[in-house]
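See below for the structure under consideration.
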């Protein structure tokens, strides 16, 4: 747990500084601009008084997400997905992950028959855009829910625990918390861990493109992620205190 | 030139405050976040060492633009253009206008066989997103050009004059400078005026959906726009001084 | 106003001969084949007893337009827009202009809750297809309206003034009326002027891709257009007299 | 062969009057406007100095076709195929038929490594648009070939026989030649017969949506078509004489 | 009728062995896996309790078909149609043929206001996939209909005759029954004959890409097809006996 | 580990019977039809002598996958992805997983500059289609590699270990191995575990849509998966022995 020198001088178990601005887009019910190191994602929560067809008439709500990158979020410009009319596999995989993560902590019956549509638009991408999106989206979601409570549409915020996410990489058998882009590119194995503030697991994804990893690694990854998420949950709480 | 009381208390010939942040997206060759009242547009300039097929081998460059709105830039969420694979007629009309306006002040031979791709992404839309986009895009374009000069790729910034734009509306025969969204919705006739810092016209578009307007109006519109663009050109200069 | 010799021998302020055939497509409610020099556009007006969603229940009508070119309207074949499923930016810009121009002279309340769908299909393109489309579309629109009156669906033709359009170019500081393709290609600045028969302005678009133009030019452009539209309005009247 | 009274007073074995205008679109290498009764199709032939990938380097040419209808070719407006980005099954079926029919009479080696792209755009549709398209397309194709000969690109027109087409319907066991729209709608069985001027069969398509038909019918259908095509081949010859 | 030696040793008038497995996809209302020589097509029939808009409220049913090939049904992989969002012209032509063929033998009034959606997915393609699809689809359709009868939704199977199809080729003036891929590639003229078990014709398509064919050939083609379809109708009957 | 009675009578830690037919599609370089209980997937491996642009000239190969379902693989018909031109988020997520899993065990340098394109087409879907796809795709991949070795294109099969996958569910805090569709629908948490034959982890995905799960669960899931994969690796070995 030592040898590898990180490009930005961090310790192996040190997350990047996180900062969250609530209400950045003034016209949205919920909005959060999250910065995690050089990664910057704008998250919006939009309320709609209807649910998808498969839920109609059941009295329960829905949370869903879309994820996209501005063309110049990266070092070289990428073309817009509207040019092909296709959402890339990567974007789809990520937005499905964001949606599942938020639904896992939402009390759909308490939300009632309405949908929260989350939009995560990456303004700058320096690794960890999917985990930052989950963390920021939770803040936007809670802001929107608090508005519903203030408007007396629902009685309480129908969220069971805060949820946030962080990446962990394995590089030459060493663990690294919260990979930036350069590290992500180097890592042998890449984990994304989505947890609740009280330590429950919401989603765990570990994948190698290099060589298989051993089972005992998984417990170490989860422990590191749990520790690394502490300042992240703190940033969420502080951001929401100002609402 | 009197009766109409503007929603935000401005005089009829008073533009909204304008603020421009250069270099907002750090990974882009040129970047400007422009705020004009409640409208916020992120403009990026990307350099590519090639030109479209119809220009190849002629030693001259190209500038082109794309325009898009984040889903929650508006009061109600709009769906992403990637869902249909079509760029809306409105977006196309606007991005073609941005491209033409910038090309009109660029010395293509001095630029050489390279393309500058401009991206204007609207973060918040409160009227005048197309004019703000032109104003902001010019700043991003110049920043990118200055980088080329510093890298000694070209000898001088191949831009002939600063270019900027402002809207003018006619409402019950009175002129109003720089419409916000609520005013734009009310106006009978809507002009967009694109000018250079030395008073030349680059593009003039006036359209009514209500009733036809009289020829003498056009001269008054242009005079008001010329005056209203003064603080805008000043904001561009100041933003670029910091580069 | 002298030196430039026009390719087809016209004077600088002389429009091309215009001819309009009403009722060319027999199955349409309104139809006009307009020929303006070498440019030939087939315009159809189709009535539908419904309006777009945003107008439903308000008792008012709508007019909208589509514009397209046959693949071999030009010297080299262009591919069909159906191949990409995208309407080109140019087509969109033009069809939005046609729609706005016709709406500006239509009394939507008198039309009642119905839509007129205009189709402009360019059969031969020799410059000025957008202005010819507006001129021809007005004739098709009026024919369709006259049919509604004859069928006693509405009491009077709900059109307030005839509308027509013409282009004006600036080439080396000289004005040229009604550009053909070769002239359009050469011109420094290109104006499209849409006017009513009684001299009101409906839309004014002036754009340069070369160098900025001076404000006083605009009044001269409008005066020339007004004069040049006289034979065009006459051709409309004569064509409609035969209906 | 008697009882049925045709809507337009024709005898059962009488084709509609046919008229062909060569060179209608002046900018095309080959162009023919064909009118067959109330059906009107504009056919263009465009030359390209290349062949599809699967033929490259073999010294032989290619002929291919596209078919489309103007939105208001029919009694009620149909939407444009560009709106969906899909060519309808019907259009595809027809354009493949047109292409095969023309290829069957073209000497591809004599044409050399070039493509003729045929465009058939239906201006008015009153039945038999696919057969009129084949007949008109042949004329446009020959005009284009004659131009190549005049330009001394090839030595002789590389077409082996004129080709044309006509429909035959079976309605209550009676045959009807050259169905108009109303008859086509009523017919039990619909044949399209594509033949050469010397009586060879190029394509034969017979289909029922009502009940199966008996084998001996087929010979009678072919004999009627052969007879009915005589004035059609005559019209082709006369149109081409004027080139 | 002699000289040509077939690649698989068959006589000129000998069809390939045919085998049909009913109920291959257990979850479908009707399912048949048909193998005809090296060609393998999976056909499914799905019942829906509604009809297309143009039939609503008329008490009659509808049968329609889709046709597709697995990417590796052929010797070289072909890309999926979903990648372009377009159904190829060939697929469309074939699925329209399958739909028409089945509708011609279905009593739509007896079926009632419901749709049978047929899916033909080619698993291996060695020539004759369209004819095998029709033959297999009929079996799937009948199985679905028998289910409706067993469930007492309708009283009798609303199919008037079995329908099946076979190809006939002309190669150097000789006829060949049931072409495999290599023969199909060689043939001068290609016929597809769709018949009912009692000898009626449902669809007849003959096309040349080489040279025109003579009228007397057509009767010989139909006679050969009728004879060749005997074992095919037998295979259908045997497959359905086991249901 | 007891109470829950499985719908098909299996023990909680008992996988469904697995059967693999190698060479099902005869024209493919590699092909495997895998049946795992009621789930049936056809996997093909296609060799191409080129690599994607980002790998060109590096001497290394690539493995990629596509996943799709036949319309009637499920109890109610689903429409084809070609109708929208979009690959669903679910399909994309799955095919990316299949591709990563196979790449993790492939020696790309030993493969050389060629691509193996995997196609997984689901014929019947009863839960676990993504895990069955991975297991079957490995067999198709190895068959294709063995062909390359037999043709002496490469010296040895460039696969480092067999790879296979299985699902594990958590239902009311009890684990269940290899979920069928009905169980999958009920489960609170769903894991997919991709392992090599020697026990290494290639991919681990655990997600809840119900409530968060505890960290110690993860080790138990992995142990159960490892045990459950034993008969699956055996089936792979036996299938490949027959090649």
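Protein chains in written order, with the numbering used here: chain L, 824 to 1066; chain V, 824 to 1066; chain W, 824 to 1066; chain A, 824 to 1066; chain X, 824 to 1066; chain E, 824 to 1066. A virtual CB, placed ideally from N, CA and C, is assigned to each residue, including glycine. In this text the structure is predicted, and so the values were computed from the model without any measurement.
*Going by the beta-carbon positions, is the gap between residue 929/W and residue 886/W smaller than 8 Å?*
yes
*6 Å CB neighbourhood of residue 898/A in its chain, flanking five on each side removed*: none
*Decide yes or no for the touch test of the region 1004-1018 of chain X against the region 827-835 of chain E: beta carbon pairs closer than 8 Å, at least 3 of them.*
no
*Assuming residue 941/W contacts residue 866/W under a Cβ cut-off of 8 Å, what Cβ separation, rounded to an integer in Å, is found between them?*
7 Å
_Run of the alpha helix (DSSP H) containing residue 1073/X, from where it starts to where it stops_ = Nothing about residue 1073/X can be reported from this structure: the residues present for chain X run from 824 to 1066 only.
*Presumed contact (8 Å Cβ cut-off) between residue 857/L and residue 890/L, rounded CB distance*: Residue 857/L to residue 890/L, Cβ: 13 Å. No contact.
*Cα separation between residue 1053/A and residue 957/A?*
15 Å
*Relative to the C-alpha of residue 949/X, which residue among 839/X, 982/X, 966/X is closest?*
839/X
*Applying the criterion that 16 or more other CB atoms from any shown protein chain within 10 Å of the CB defines a buried residue, is residue 1026/E buried or exposed?*
buried
*By how many angstroms is the C-alpha of residue 911/A removed from the C-alpha of residue 911/X?*
10 Å
*Find the residues of chain X that neighbour residue 1019/A, judging by a C-beta separation of less than 8 Å, and give them in chain order.*
1035
*Could one say the Cβ of residue 1099/W lies closer than 8 Å to chain V's Cβ atoms, at least one of them?*
Summary: the structure shown does not reach residue 1099/W, with chain W confined to residues 824 through 1066, and so no result is reported for it.
_Minimum length 3: unbroken beta strand (DSSP E) runs contained in the region 955-1030 of chain L_ = 986-994, 997-1000, 1012-1019
*residue 915/E versus residue 907/X - alpha carbon distance*: 15 Å
*So what does residue 844/W bridge to, in DSSP terms?*
856/W
*Drop a sphere of 10 angstroms on the beta-carbon of residue 848/A, count the other beta-carbons inside from all chains shown, and report buried for 16 or more, exposed for fewer.*
buried
*Kindly indicate which three-state DSSP category residue 1046/W falls into: helix, strand or coil?*
helix
_Listed by chain order, chain V residues near residue 851/L by CB distance under 7 Å_ = 895
_Against residue 891/W, what residues of chain A qualify as contacts under a CB-to-CB distance less than 8 Å, listed in chain order?_
903, 905
*Collapsed DSSP secondary structure at residue 1058/A in the structure displayed*: helix
*Report the neighbours of residue 908/E on chain L: residues whose CB is nearer than 7 Å to its CB, in chain order.*
908
_Less than 8 Å between the C-beta atoms of residue 921/A and residue 863/A, yes or no?_
no
*asked:* Runs of 3 residues minimum, wholly inside the region 868-892 of chain A: which ones carry the beta strand (DSSP E) assignment?
replied: 885-892
*Return the chain-ordered list of same chain residues with a C-beta closer than 7 Å to the C-beta of residue 851/W, the five sequence neighbours on each side being excluded.*
867, 868, 869
*List the endpoints of the continuous alpha helix (DSSP H) containing residue 917/W.*
912-926
*asked:* Which residues in chain A have a C-beta closer than 8 Å to the C-beta of residue 915/W? List them in chain order.
replied: Under the 8 Å cutoff, chain A gives no residues; its nearest Cβ is about 11 Å from residue 915/W.
*Report buried or exposed for residue 877/E, applying the criterion of at least 16 other Cβ atoms within 10 angstroms of its Cβ.*
exposed
*Just how far apart, CA to CA, sit residue 1051/L and residue 1065/V?*
38 Å
*Taking buried to mean at least 16 other C-beta atoms within 10 Å of its own C-beta, is residue 1048/X buried or exposed?*
buried
*asked:* Is the separation between the beta-carbon of residue 855/E and that of residue 959/E shorter than 8 Å?
replied: yes
_Residues near residue 951/E by beta carbon distance below 7 Å, same chain, minus five either side_ = 859, 862, 990, 1001, 1002
*Are the C-beta of residue 1005/L and some C-beta of chain V separated by less than 8 Å?*
no
*Could you work out which residues of chain L lie near residue 1009/E, taking near to mean beta carbons separated by less than 7 Å?*
The premise fails here: residue 1009/E is roughly 17 Å from chain L at the closest Cβ pair, so nothing lies under 7 Å.
*asked:* Measuring straight from C-alpha to C-alpha, what distance separates residue 994/V and residue 1041/V?
replied: 14 Å
*asked:* Judging by CA-CA distance, which residue of 1029/L, 904/L, 1062/L is the nearest neighbour of residue 944/L?
replied: 904/L
*Under 7 Å Cβ to Cβ from residue 824/A, same chain only, skipping five residues before and after it: list those, please.*
Residue placement at residue 824/A is flagged as unreliable, the pLDDT there being 47, under the threshold of 50; the coordinate-derived value follows with that caveat. Around residue 824/A: 835, 997, 998.
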